[in-house]
Amino acid sequence: MVDKSVDAMMARLRGFYVQARELSESEVSASSALVGLLDGLLQSGVSAAPRKKIEISEQKKKRMKSDTDTTRFSSASMRSQLDQAANLKGEQVAARVKSDDEKDEWFVVKVIHFDKETKEFEVLDEEPGDDEESAQKFERKYKLPMSYIIPFPKKGDPSSAQDFGQGRQVLAVYPGTTALYRATVASQRKDRPSVGSSHTRWGLGRIIRGKPLPHAQCNAESPRRTRDSLAQRKSDDYNLLFDDDEEDGNLPERAVPFYRVVALPEGHRQ
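Residue numbers (my numbering): 24 to 293.
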């Protein structure tokens with residue numbers, strides 16, 4: 024009885040094995056046929072739909088590369104600006120230290136430190152007084168954003184300074200003060216070789232803010248100036264007409280060295 028059951032089970036297993044082998048062979052045949060079809064498609068070229076997908080993919084890659092390049096350029100430009108700002112340490116710059124609803128006030132200050140993280144300058148207002156006590160009183164420190172700072176041209180390199188034509192409005196240091204005011208170029212500086220420019224001096228004497236000094240005082244020559252340095256100073260001066268600087272109903276021309284003249288900020292209020 025047991026032998027008959029075993030024989031029957033073995034017969035069923037053989038049947039399953041034969042059926043599985045046939046199915047496997049059929050699958051192999053179908054796979055071979057599909058491979059043949061794929062080979063034919065590859066040999067005849069990529070179809071329109073896949074080609075379109077590839078083209079779109081290539082466009083995306085180009086667009087991504089362009090965006091990456093732009094970002095990289097912007098980052099490099101910003102790094103360059105931050106490095107230039109950091110290099111201003113110890114230099115005198117024009118700074119907008121006060122601003123209200125009516126006007127902006129710009130003064131000459133000294134850069135103490137630049138923070139690349141916050142993008143802020145720490146500057147010192149060095150306006151001297153008549154004695155040590157008043158000098159300490161008037162020294163003030165400010166923390167200002169980059170947009171509130173304008174570097175002056177290099178005193179020893181006139182060729183690197185921006186040229187402002189006649190009639191151009193600028194922001195310039197009023198002679199005898201450390202304050203900057205809006206002015207109009209009456210006559211632009213003369214071109215000359217930069218040889219010997221490092222010996223040029225601009226003597227301010229006592230620095231006074233508020234009401235401008237009388238014309239005679241503003242034009243008083245410093246005893247430190249030599250005849251040669253004075254001649255070079257004249258060749259590098261702008262003759263400017265300062266706003267609200269009337270004398271006998273006329274605006275006098277004031278001589279200001281090129282390294283104390285900068286572009287007028289957009290939206291300047293005075």
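Positions of the beta carbon are idealized from the N, C-alpha and C atoms, including for glycine.
Computed from a predicted model, the values in this text were never measured in an experiment.
Determine the closest residue to G199 out of A278, E114 and L46, with distance taken between C-alpha atoms.
-> Here the closest residue by C-alpha is A278.
Please determine, among V116, M101, L203 and P168, the residue with the shortest C-alpha to C-alpha distance to L264.
-> When the alpha-carbon of L264 is set against those of V116, M101, L203 and P168, the nearest one is in L203.
Given a cut-off of 9 Å, decide if S183 and P174 are closer than it, judged by their beta-carbon atoms.
-> No; because the gap between Cβ atoms is not below 9 Å, this pair is not in contact.
Using the beta-carbon count (16 or more within 10 Å), is F39 buried or exposed?
-> Counting other Cβ atoms within 10 Å of its Cβ, F39 stays below 16 and is therefore classed as exposed.
Does DSSP put H238 in a helix, in a strand, or in coil?
-> Because H238 sits at a pLDDT of 40, beneath the cut-off of 50, its placement in the model cannot be relied upon, and the following sentence gives the value as read from the coordinates. In this structure, DSSP gives H238 a helical state, which the three-state scheme calls helix.
So, helix, strand or coil for Q107, using DSSP?
-> In the three-state reduction of the DSSP assignment, Q107 falls in the helix class, which pools H, G and I.
With distances taken from CA atoms, which of D127, T141 and A206 is nearest A109?
-> When only C-alpha atoms are compared, the closest one is T141.
Since I believe Q115 is in contact with V131 (beta carbons under 8 Å), could you give me their beta-carbon distance rounded to a whole number of angstroms?
-> About 5 Å; that satisfies the 8 Å criterion.
Inspect the beta-carbon positions of V146 and K126 and report whether they are closer than 9 Å.
-> Their beta carbons are not under 9 Å apart, which means V146 does not touch K126 by this criterion.
Look up D138 in the DSSP assignment and give the residues it is bridged to.
-> DSSP, once it has assigned bridges, lists E143 as partnering D138.
Which of helix, strand or coil DSSP assigns to Q211 | In the three-state scheme derived from DSSP, where H, G and I count as helix and E and B as strand, Q211 is classed as coil.
Q192, DSSP secondary structure in three states = Note: Q192 maps to strand in three-state DSSP.
Let me know if R44 comes out buried or exposed under the rule of 16 or more other beta-carbons within 10 Å of its beta-carbon.
-> Exposed: under 16 other Cβ atoms inside 10 Å.
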